[in-house]
Ligand SMILES: *Cc1c(COP(=O)(O)O)cnc(C)c1O
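Residue numbers (full-length UniProt numbering): 1 to 876.
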């Protein structure tokens, strides 16, 4: 029988427990171990069965239990303590207050991401990208940055993984019950749901707005699952990365365009927009349209202003990882923007093409994001270099090392990934600031003073906790799929809490090579079953994308292998990897293994989490590990070689892995002193803690984003809109003229005081005559570009120095000069180039115009040139 009406009946919270609800509603609890203890104490079983969801717990807990804790003085005291900590946290003086010079009133940075991994009970993330975005928000809150997150709220989130008896991954999509999650619906002043709409072909799609309180930072999530949207429009927020290419465009329109409209509806006026990956790049189109409509700007003016205040972080080291859409689909969905901008079909599509004139090229979200940003970064030093090559085509005339894509290495939020007992150990010996202290902070010297015994006993207890938790999860998984009693028994006997435990957990994409360690069965067996009793076990976890059949095959191969070889107690696959499982693993394993095909791992973050828990890493030199101290804090697999033959690479690197295990890892772990302490091992643990915690935490990362990105973008934006947008309009006018007249520039003559041979550091005077056509000397920078010449006769790794303008010749050409010298011997060379220059241009590379002297046409004059006294001498 269908009910006439349904009610959500919740327990009544006794007045004295009111702070519990406040604590539950701000997910600050996720990284406050004391508050987690409080929820656990409230009802340990319910805490686990609610998937660590205090909101759900408060709406399902028995009234009797609430009455009991309301009369428990100890509980009330612990609760009031937690509440005091939250209040203190929310109003504390912050890094931002101390470091931001002259902020505008209500400064605000909007951070757009397709996924956010904050805590286990908010399953709107798939993996590393989401967890990084979640850590970004948590740390912005810690530092007091005025940041707001923007994303989508998925009805089904990302899938839950389970394995059938054959080891084949199955997906389940639990429905998210938003009313029982740490979410608050945004309402207008009349108490109605606040709504926005986005134009899709032939219709509007509406969305409401949910807020997650992440400490002091709000995360706003759009939800299309409402009337009057048609069912297929309600489905836009159905699944993260679900559906076909049309669905992907629908989602990305809602994120980018809907996100901008949402911020407006919330009366937020961001001074900087940060695109975490290219999914949200349509936001640039909507911002331009709004500036055109509201401020009466031209397309170029609006585009300049939008670009000056946008930042883009790319996470993808391979072209296949980038969202590419067929041009006709982009035009179908977004053609109205082209009309509003007054752009032709091809000009509009060119915004998402590396080469504007290539009419067949697909539309790339990453290219759109880059063209619309004034700050672009990769997520590790190596990935920055890979990205400069990958996107170098956007600046075909620029040396690849100068391509304006920098890097800010990822980090992890320390209080979210370090085990509770370990945090308490650090708090005691290092002081509570360890979670954000910089690498030069004297606090790190105290790591050596932590007694080895304490570090080791604590770690052994983390390992025991891991083993117990894995057994429990395996048991439940077998039970749920109706496994036999024998299987359930075996599930409770996996792993040994006292032996060397190697952890491997990440998405099961083939390039991550989860099965590399299985390559030589006999050698692996000898390592695992070590005849001297120095045994080794592996804990493995990770999901394959539902459509990634080869990824799923890897999981099945592991399951079959361990069964066939009788190694299923020592090599264990833990189902349904999520934030919670990750936390056990990165604290309870002894070594963190990673063996991707370099350079496909843009950064990787789970190894950082492990390092902060004191785990040495054992990893291929890729992503973050390539820039870490991989000798002091772990072991490198290989030497950072690149291979063409993949099978050969697997062979070499698997061998290297076995050899490291046999000769380095296992001996060091089992070398104990009279007290049973592996002193050498603990030394490596301490080095990992001391060196990797400050280098790879998100406090450092967010400070980098603030100092290099948010502050500068906000200041640029503020300057451009001063005087009723006059500078923005002037910049746009200048850009138009620049593009119009650029072709008129020519480098006519170069004068040198010497001919061919020079001594190191010998002064060389250089002059140049340049025809600027309709442009002024103040519009350009003429640069001397000097460097070594390689075997192909090309200038490599050169350095540019601006020449000094010396006035105009009677024939109208502009004269420049400079004194230089070469600090290095060998075959050296130079060229001359011209780049645009304007006080409001955030970088001279943005117009993507550069003119190099043509060796075949420029006139060279030797000797007898006008000398340049008083010029600083430049040596390279
Ligand atoms: C940290 C984390 C990741 C990312 O790990 P990588 O090493 O970057 O692959 C993925 N999923 C979860 C649940 C995590 O906690």
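All C-beta atoms in this analysis are idealised placements derived from N, C-alpha and C, irrespective of residue type, glycine included.
Please read these numbers as outputs of a predicted model, since none were measured by experiment.
Boundaries of the alpha helix (DSSP H) in which residue i is found, first to last residue
{"i": "residue 458", "result": "452-480"}
{"i": "residue 165", "result": "That residue, residue 165, is in no alpha helix (DSSP H); it is neither H nor E in DSSP."}
{"i": "residue 581", "result": "579-588"}
{"i": "residue 642", "result": "Note, residue 642: premise wrong, no alpha helix (DSSP H); not H, not E."}
{"i": "residue 550", "result": "549-564"}
{"i": "residue 421", "result": "420-430"}
Closest residue to residue i among the options (Cα-Cα distance)
{"i": "residue 533", "options": "280, 194, 496", "result": "496"}
{"i": "residue 305", "options": "403, 374, 333, 45", "result": "374"}
{"i": "residue 113", "options": "205, 259, 58", "result": "259"}
{"i": "residue 457", "options": "29, 425, 91", "result": "425"}
{"i": "residue 267", "options": "825, 188, 737", "result": "188"}
{"i": "residue 359", "options": "253, 351, 522", "result": "351"}
{"i": "residue 34", "options": "717, 484, 106, 419", "result": "419"}
{"i": "residue 807", "options": "862, 770, 449, 590", "result": "770"}
{"i": "residue 492", "options": "477, 511, 472", "result": "472"}
{"i": "residue 273", "options": "716, 111, 863", "result": "111"}
{"i": "residue 848", "options": "393, 319, 663, 338", "result": "393"}
{"i": "residue 158", "options": "242, 146, 597", "result": "242"}
{"i": "residue 123", "options": "107, 98, 147, 153", "result": "153"}
Buried/exposed call for residue i, threshold 16 Cβ in 10 Å
{"i": "residue 405", "result": "buried"}
{"i": "residue 96", "result": "buried"}
{"i": "residue 678", "result": "buried"}
{"i": "residue 693", "result": "buried"}
{"i": "residue 726", "result": "exposed"}
{"i": "residue 857", "result": "exposed"}
{"i": "residue 648", "result": "exposed"}
{"i": "residue 10", "result": "exposed"}
{"i": "residue 696", "result": "buried"}
{"i": "residue 179", "result": "exposed"}
{"i": "residue 479", "result": "exposed"}
{"i": "residue 185", "result": "exposed"}
{"i": "residue 202", "result": "exposed"}
{"i": "residue 225", "result": "buried"}
{"i": "residue 563", "result": "exposed"}
{"i": "residue 169", "result": "buried"}
{"i": "residue 161", "result": "buried"}
{"i": "residue 87", "result": "exposed"}
{"i": "residue 595", "result": "buried"}
Contact set for residue i: own chain, Cβ-Cβ below 8 Å, skip 5 residues either direction
{"i": "residue 558", "result": "167, 514, 515, 518, 540, 571, 573"}
{"i": "residue 253", "result": "198, 200, 282, 333, 334"}
{"i": "residue 85", "result": "32, 34, 35"}
First and last residue of the uninterrupted beta strand (DSSP E) at residue i
{"i": "residue 111", "result": "109-112"}
{"i": "residue 204", "result": "203-214"}
{"i": "residue 592", "result": "591-594"}
{"i": "residue 7", "result": "No beta strand (DSSP E) holds residue 7; DSSP gives it neither H nor E."}
{"i": "residue 619", "result": "617-620"}
{"i": "residue 805", "result": "804-808"}
{"i": "residue 818", "result": "814-821"}
{"i": "residue 152", "result": "147-152"}
Residues near residue i in its chain [Cβ-Cβ closer than 6 Å; skip 5 each side]
{"i": "residue 16", "result": "70"}
{"i": "residue 871", "result": "Residue confidence for residue 871 is low, a pLDDT of 47 falling below 50, so the modelled location carries little weight and cannot support an answer."}
Residues near residue i by beta carbon distance below 7 Å, same chain, minus five either side
{"i": "residue 581", "result": "541, 574"}
{"i": "residue 762", "result": "821"}
{"i": "residue 844", "result": "781, 835, 836, 837"}
{"i": "residue 869", "result": "In this predicted model, residue 869 has a pLDDT of only 45, less than 50, meaning its place in the structure is not dependable enough to derive any value."}
{"i": "residue 175", "result": "155, 156"}
{"i": "residue 852", "result": "397, 831, 833"}
Residue-level contact to chain D via CB, residue i, 9 Å cutoff
{"i": "residue 96", "result": "The structure shown contains no chain D, having only a single protein chain."}
Any non-hydrogen atom of ligand 3 within 8 Å of residue i CB
{"i": "residue 578", "result": "This structure lacks ligand 3; the ligands present are ligand 1."}
Query - Whole runs of the beta strand (DSSP E) within the region 740-781, excluding any shorter than 3 residues - result: 746-752, 764-771
Report task. For the UniProt domain "DUF3417" (13-122), list the alpha helix (DSSP H) runs that are entirely contained and at least 4 residues long, ordered along the chain. Result -> Those alpha helix (DSSP H) runs which fall completely within the UniProt domain "DUF3417" (13-122) and span 4+ residues are 18-25, 33-42, 44-49, 54-60, 63-70, 73-91, 95-99.
Query raised in the report: If you scan the region 309-383 from start to end, which runs of the beta strand (DSSP E) of 3 or more residues do you find wholly inside it?
Result: 310-313, 375-378
Requested in this report: Within the region 672-750, note down every full beta strand (DSSP E) run reaching 3 residues or more, in order along the chain.
Outcome: none
Query raised in the report: Which whole runs of the beta strand (DSSP E) in the region 173-255 are 3 residues long or more, in chain order?
Result: Every beta strand (DSSP E) of 3 residues or more that sits fully in the region 173-255 is shown, in chain order, as 195-200, 203-214, 217-223.
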